[in-house]
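First comes the structure, then the notes that go with it.
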Amino acid sequence: MEKQIFYQTPPGSDYKKIPRAEIANGVTSLGIVKDDEPDAFYFRLLEKQNIFLNKPQIEAVRHVNGPVLTLAGAGSGKTSVLISRTGYLINVNHVAPENILLVTFTKKAADEMKTRISRLPGLTQRMANKVQACTFHSFFLTILRHSGCQQNILGSERAKQITIKQILKTMGLQDDYQPETLLSLFSSYKINLKDMPGKTDIEKEQKLIYQHYEKWKKANNKMDFDDILLSAYDLLKRSPALLQSLQRRFKYVMVDEFQDTNVVQYELMKMIVKPHRNFFVVGDDDQTIYSFNGASNHFILNFQKEYEEAAVVTLDINYRSSPSIVGLGNKVIQDNSKRRKKTLQTAKALDAAPKYCRPQTTDEEAEIVISHIKREVEEGRRSFGDFAILHRTASSSRAMFEQLIINRIPFIPYSIKDESFYEHWVVKPVIDYLSLSLDPRDFNAIEGVLPTLYINRYNGMAWIHGQESMKKKKYPLIHLVQSSDLKDYQKNKIKERIEFTRDLKDEKPLKAIRQIRQSFYDKYLEAHHDKASLHKENIKETLDELESSAKRFDSIAAFIRFTRDIAKEQKMLSGRTKADGADAVSLMTIHRSKGLEFPVVFLIGASEGILPHSSAIDAEQLEDVRVDKGKEEKVIDAIEEERRLAYVAITRAKDELYISSPAFYRGQKAEISRFILSPFSSRQSGKIGKGRIKRQTVFNNKEQPAAKKSVSAWICTSSTCIAWQRITSYKEGRLKHKDCPLCGSPMEKGRKII
20 MEKQIFYQTP
30 PGSDYKKIPR
40 AEIANGVTSL
50 GIVKDDEPDA
60 FYFRLLEKQN
70 IFLNKPQIEA
80 VRHVNGPVLT
90 LAGAGSGKTS
100 VLISRTGYLI
110 NVNHVAPENI
120 LLVTFTKKAA
130 DEMKTRISRL
140 PGLTQRMANK
150 VQACTFHSFF
160 LTILRHSGCQ
170 QNILGSERAK
180 QITIKQILKT
190 MGLQDDYQPE
200 TLLSLFSSYK
210 INLKDMPGKT
220 DIEKEQKLIY
230 QHYEKWKKAN
240 NKMDFDDILL
250 SAYDLLKRSP
260 ALLQSLQRRF
270 KYVMVDEFQD
280 TNVVQYELMK
290 MIVKPHRNFF
300 VVGDDDQTIY
310 SFNGASNHFI
320 LNFQKEYEEA
330 AVVTLDINYR
340 SSPSIVGLGN
350 KVIQDNSKRR
360 KKTLQTAKAL
370 DAAPKYCRPQ
380 TTDEEAEIVI
390 SHIKREVEEG
400 RRSFGDFAIL
410 HRTASSSRAM
420 FEQLIINRIP
430 FIPYSIKDES
440 FYEHWVVKPV
450 IDYLSLSLDP
460 RDFNAIEGVL
470 PTLYINRYNG
480 MAWIHGQESM
490 KKKKYPLIHL
500 VQSSDLKDYQ
510 KNKIKERIEF
520 TRDLKDEKPL
530 KAIRQIRQSF
540 YDKYLEAHHD
550 KASLHKENIK
560 ETLDELESSA
570 KRFDSIAAFI
580 RFTRDIAKEQ
590 KMLSGRTKAD
600 GADAVSLMTI
610 HRSKGLEFPV
620 VFLIGASEGI
630 LPHSSAIDAE
640 QLEDVRVDKG
650 KEEKVIDAIE
660 EERRLAYVAI
670 TRAKDELYIS
680 SPAFYRGQKA
690 EISRFILSPF
700 SSRQSGKIGK
710 GRIKRQTVFN
720 NKEQPAAKKS
730 VSAWICTSST
740 CIAWQRITSY
750 KEGRLKHKDC
760 PLCGSPMEKG
770 RKII
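Per our numbering, the sequence shown runs over residues 20 to 773.
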């Protein structure tokens, strides 16, 4: 008998009723808009094009003057509303097409709107072309161009990173910062209309890099996408006549995906609509998941404070997903407190309940998912293009990525860069040490490890190559001990590191990686943590995932061969998209999936520590967070955004949804995600104090007196010591080093089940 893998409810849940959304009544404009109504002709024209609007959609379309907030639940037909309202303004209210501005976030969405507007009844192609349907950046770039701006657009992320690398090299900081991290930091301050701070030494250093970057752009006549918005904002602030001309022309302004709006975008829109306040925004606060890009659900939550007379319309009928998928989404998101209350209905009657899986590890999870996909395709029920695999972070897709490659399944790694997991800046130095244990004359690996010895990469390699040209060495790294630029302690460290690397050769790769981390690498990353501007938990997560990969191999040589094969395959995959016509599985982060839909969705990593992410959980665990209201609010916001991520992932599925929750993650027991358990628990998730979120625990034995839970802890790194200490305060959680009280070995932060 085949072992059961997928279940109707999460394993261990104590409430077996499957949540299902109500079926909508199906009444459309045919039954709502009577023929004797003045605008009936327009809805009859839409119906001839098979556009049948429901009651809230009609209400939104009919709203003409004044501000309106349209809350568009997942799959509720928001684009149809925006397009139909555009036609309504022109056909019924005789608004000139050139007086309408419709702004969205992506070129793809803007192009789709232009196409659909051109097909509207009562509009000629010429009229449709006069409607300004565009992205924020294209609209304001056009304004800048008409005002004499001639800068070239620096749009390539790779080009920007190369520029930052050159600046860092000039400043002698190329080993201290990651260009993409700095660019993200710079963008955050710019789009929030804030100046970069310069109080600490690190802040001063980062601000200087930023100033060099801005000077370089100016000298080379370049501007990036953030500059487009900031320059337009500054231009309109100092040019009242230009602003007034825009206000006179664009009398009706609509914004799509309003929940993704950042500060500068919102301010620009408010400037244009200020005289007439005909501001029509469409968005879903439950899908605000881009806070790292400056998006905030506060704009939706506080819209009526900004525009007191604003009408609110809720699009609450989902046309995408089955009743049980919509029902699960409703149950998940209802636990958020900072949201506009809404419960979605569904237009679909056919139903296939979501299924749940509890693999032991992420590698087993990948094997289960890929086996299921292969079987579905081989038996003719599905094609590869029907499937999407959604993951929380880049590192949590490592096992899935490898299984897709090993099984030769066509897939598109949407959210993965050209570099493989093993080429990530956190992982690569570890791989380089393993490579040097096999071949001490691997010069690429030597270059990769120099920063971990606090030696400038460029200067160090120049010295080594110069010495090698005169006399070759078995261990070229030893040339550095002859350099007069290095201190004695650095030279001693080089000798120690050569001996250390030589002794790794015969170790199992997992043991070798742990030795590298415990001996020096974790401390090196700890010292660079603040400069990296990356959450420490992300760094540890990435290295723990490396250990998970390595433990499958018996030799370093086999592991290195595997990592190189994966890197080679990844380069071959880069650039492949659905637009190429490939029948391929979509592998992407939940962030990347927003706005998309798929017949079958696998949500992987639905376990505590992955979703919600450990960075949010660890903040929640610090008990003295309650003494600081600012910190408490950040904790609540972090958990609620994680829940919104789960909601977005669930609502991408049209027909089938599979949710997988690995039982072990990073070597620790991982509970099923609270977001997934909550809809199936008779003990609904409670709240402590002002919004503190209590960990949801489900019992199999109802007489069990105490629940198990995962807590933050200091854990001894010695293999012969079992000591650990719970982290119970914010102050203790901020410590960077701690020695074991029993054996004196270094301790590391982790999690324990109690």
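Heads up, the beta-carbon is just placed ideally off N, CA and C, and yes, glycines get one too.
Backbone secondary structure at Arg377 - three-state DSSP:
Within the sequence shown, residue 377 is the residue found at index 358, counting from 1. DSSP places Arg377 in coil when its eight states are reduced to three.
Applying the criterion that 16 or more other CB atoms from any shown protein chain within 10 Å of the CB defines a buried residue, is Ile352 buried or exposed?
To locate residue 352, count along the sequence shown from 1; it is residue 333. By the 10 Å Cβ count, Ile352 comes out buried.
Report the partner residues of Val604 according to the DSSP bridge assignment.
Counted from its first residue, the sequence shown places residue 604 at position 585. Partner(s): Phe430.
Reduced DSSP category for Glu325 - H, G, I as helix; E, B as strand; rest coil:
In the sequence shown, the residue the question calls residue 325 occupies position 306. Three-state result, Glu325: helix.
Could you give the DSSP three-state label for Gln170: helix, strand or coil?
One-based indexing of the sequence shown puts residue 170 at position 151. Gln170 falls in the coil class under three-state DSSP.
Looking at C-alpha atoms only, which residue of Ala251, Phe298 and Tyr452 is the closest neighbour of Val274?
Indexing the sequence shown from 1 puts residue 274 at position 255. It is Phe298 whose Cα lies nearest to the Cα of Val274.
Any idea if Gln263 is buried or exposed, counting beta-carbon neighbours within 10 angstroms, 16 or more meaning buried?
For the purposes of this step, residue 263 is taken as residue 244 along the sequence shown, with counting starting at 1. Answer is exposed; the Cβ neighbour count stays below 16.
Let's test the definition: count the other Cβ atoms within 10 Å of the Cβ of Val46 and tell me whether it reaches 16, buried, or not, exposed.
Walking along the sequence shown from the start, residue 46 turns up at place 27. Exposed, by the Cβ-count rule.
If you drop the 5 nearest sequence neighbours on each side, which residues of the same chain put their C-beta closer than 8 Å to that of Lys721?
Position 702 of the sequence shown holds residue 721. Here Lys721 scores only 32 on pLDDT, less than 50, and its place in the model is too uncertain to base an answer on.
Using DSSP bridges, identify the partner residues of Val331.
Here residue 331 is taken as the residue at index 312 of the sequence shown, counted from 1. Paired residues: Leu88.
For Met591 and Ile513, I'd like the C-alpha separation in whole angstroms.
Along the sequence shown, read from residue 1 onward, the residue named residue 591 stands at position 572. Along the sequence shown, read from residue 1 onward, the residue named residue 513 stands at position 494. Cα to Cα, Met591 sits roughly 37 Å from Ile513.
For Gln703, count neighbouring Cβ atoms within 10 angstroms of its own Cβ and tell me buried if that reaches 16, exposed if not.
The residue you call residue 703 lines up with position 684 of the sequence shown. Since pLDDT at Gln703 reaches only 49, below the 50 mark, its modelled position is unreliable, and the value read off the structure follows with that caveat. By the 10 Å Cβ count, Gln703 comes out exposed.
Identify which residue in Gly686, Gly404 and Phe440 has its Cα closest to the Cα of Phe420.
If you number the sequence shown from 1, residue 420 lands on position 401. Distances from the CA of Phe420 to each of Gly686, Gly404 and Phe440 were compared; the closest alpha carbon is that of Phe440.
Beta-carbon gap between Gly302 and Ile291 smaller than 8 Å
Residue 302 sits at position 283 when you count from the first residue of the sequence shown. Residue 291 sits at position 272 when you count from the first residue of the sequence shown. No, these two residues do not count as a Cβ contact at 8 Å.
Nearest-angstrom Cα separation, counted from Thr670 out to Ala93:
Within the sequence shown, the letter at position 74 stands for residue 93. Within the sequence shown, the letter at position 651 stands for residue 670. About 6 Å.
Where does Arg268 sit, in a helix, a strand or coil, going by DSSP?
On the sequence shown, position 249 is the one that residue 268 refers to. DSSP places Arg268 in helix when its eight states are reduced to three.
How about Leu347 and Ala668: are their beta carbons less than 8 Å apart?
On the sequence shown, residue 347 is found 328 positions in, with the first residue counted as 1. On the sequence shown, residue 668 is found 649 positions in, with the first residue counted as 1. Leu347 places its beta carbon 8 Å or farther from that of Ala668.
If we count Cβ pairs, one from each stretch, closer than 8 Å, do we get three or more for the stretch 426-434 versus the stretch 600-614?
yes
So what's Ile629 in DSSP terms, helix, strand or just coil?
Along the sequence shown, read from residue 1 onward, the residue named residue 629 stands at position 610. In the structure shown, Ile629 sits in a strand (DSSP, three-state: E or B).
Going by beta carbon distance, what residues of the same chain come within less than 7 Å of Gln744, once the five residues before and after it are set aside?
Position 725 of the sequence shown, counting from 1, holds the residue named residue 744. Once the five neighbours on either side are set aside, the close Cβ partners of Gln744 are Ala732 and Trp733.
Express the C-alpha separation of Lys757 and Val717 in angstroms, rounding to a whole number.
Mapped onto the sequence shown, residue 717 falls at position 698. Mapped onto the sequence shown, residue 757 falls at position 738. Since pLDDT at Val717 reaches only 31, below the 50 mark, its modelled position is unreliable, and no value is offered.
Are the stretch 517-532 and the stretch 450-467 touching by the rule of at least three beta carbon pairs closer than 8 Å?
yes
State yes or no: is the C-beta of Val414 within less than 8 Å of the C-beta of Glu176?
By one-based count along the sequence shown, residue 414 stands at place 395. By one-based count along the sequence shown, residue 176 stands at place 157. The identity of residue 414 in the sequence shown is Ser, whereas the question assumes Val. Against a cut-off of 8 Å, the Cβ pair of Glu176 and Ser414 comes out as no contact.
Does the Cβ of Ala725 have 16 or more other Cβ atoms within 10 Å, making it buried, or fewer, making it exposed?
Along the sequence shown, read from residue 1 onward, the residue named residue 725 stands at position 706. Bear in mind that the predicted position of Ala725 carries a pLDDT of just 37, short of 50, making it unreliable; the figure below should be weighed with that in mind. Sixteen is the threshold: since fewer than 16 other Cβ atoms of the shown chains lie within 10 Å of the Cβ of Ala725, the residue is exposed.
Starting from Pro459, trace the alpha helix (DSSP H) in both directions and tell me its first and last residue.
Against the sequence shown, residue 459 aligns to sequence position 440. Unbroken run through Pro459: none, as it is neither H nor E.
When we look at the beta-carbon of Gln23 and count the other beta-carbons within 10 Å, is it buried (16 or more) or exposed?
What you label residue 23 is simply residue 4 of the sequence shown in a count that begins at 1. Result: exposed.
Closest by C-alpha distance to Leu265, when choosing among His165, Arg662, Met132 and Ala330:
Position 246 of the sequence shown, counted from the start, is the residue given in the question as residue 265. Among His165, Arg662, Met132 and Ala330, the Cα nearest to that of Leu265 is on His165.
Cα-Cα, which of Asp674, Ala635, Tyr684 and Leu676 is closest to Arg662?
Numbered from its first residue, the sequence shown carries residue 662 at position 643. With distances taken between Cα atoms, Arg662 lies closest to Ala635.
Could you tell me whether the Cβ atoms of Leu108 and Val87 are closer together than 8 Å?
Taking the first residue of the sequence shown as position 1, residue 108 is located at position 89. Taking the first residue of the sequence shown as position 1, residue 87 is located at position 68. Result no, Cβ atoms of Leu108 and Val87 do not sit closer than 8 Å.
Answer with buried or exposed for Ile172, where buried requires no fewer than 16 other C-beta atoms within 10 angstroms of its C-beta.
Locating residue 172 in the sequence shown gives position 153, counting from the first residue. Flag for Ile172 reads exposed.
Could you give the DSSP three-state label for Leu202: helix, strand or coil?
Translated into the one-based positions of the sequence shown, residue 202 becomes position 183. Note: Leu202 maps to helix in three-state DSSP.
Short of 7 Å in beta carbon distance, which residues of its chain neighbour Glu41, apart from the five on each side in sequence? Order them along the chain.
In the sequence shown, residue 41 corresponds to position 22, counting from 1. Gln364.
Work out the CA separation of Phe403 and Ile695 for me, nearest whole Å.
For the purposes of this step, residue 695 is taken as residue 676 along the sequence shown, with counting starting at 1. For the purposes of this step, residue 403 is taken as residue 384 along the sequence shown, with counting starting at 1. Taking the straight line joining both Cα atoms gives about 26 Å.
Might you give, ordered along the chain, the residues of its own chain that have their beta carbon closer than 7 Å to the beta carbon of Lys226, omitting 5 neighbours on each side?
Mapped onto the sequence shown, residue 226 falls at position 207. Met215 and Gly217.
When the Cα of Ser697 is compared with those of Tyr684, Tyr666, Pro681 and Glu675, which residue comes out closest?
Translated into positions along the sequence shown, residue 697 becomes position 678. The shortest C-alpha separation from Ser697 is found at Tyr666.
Residues bridged to Glu675 by DSSP?
To locate residue 675, count along the sequence shown from 1; it is residue 656. Val619.
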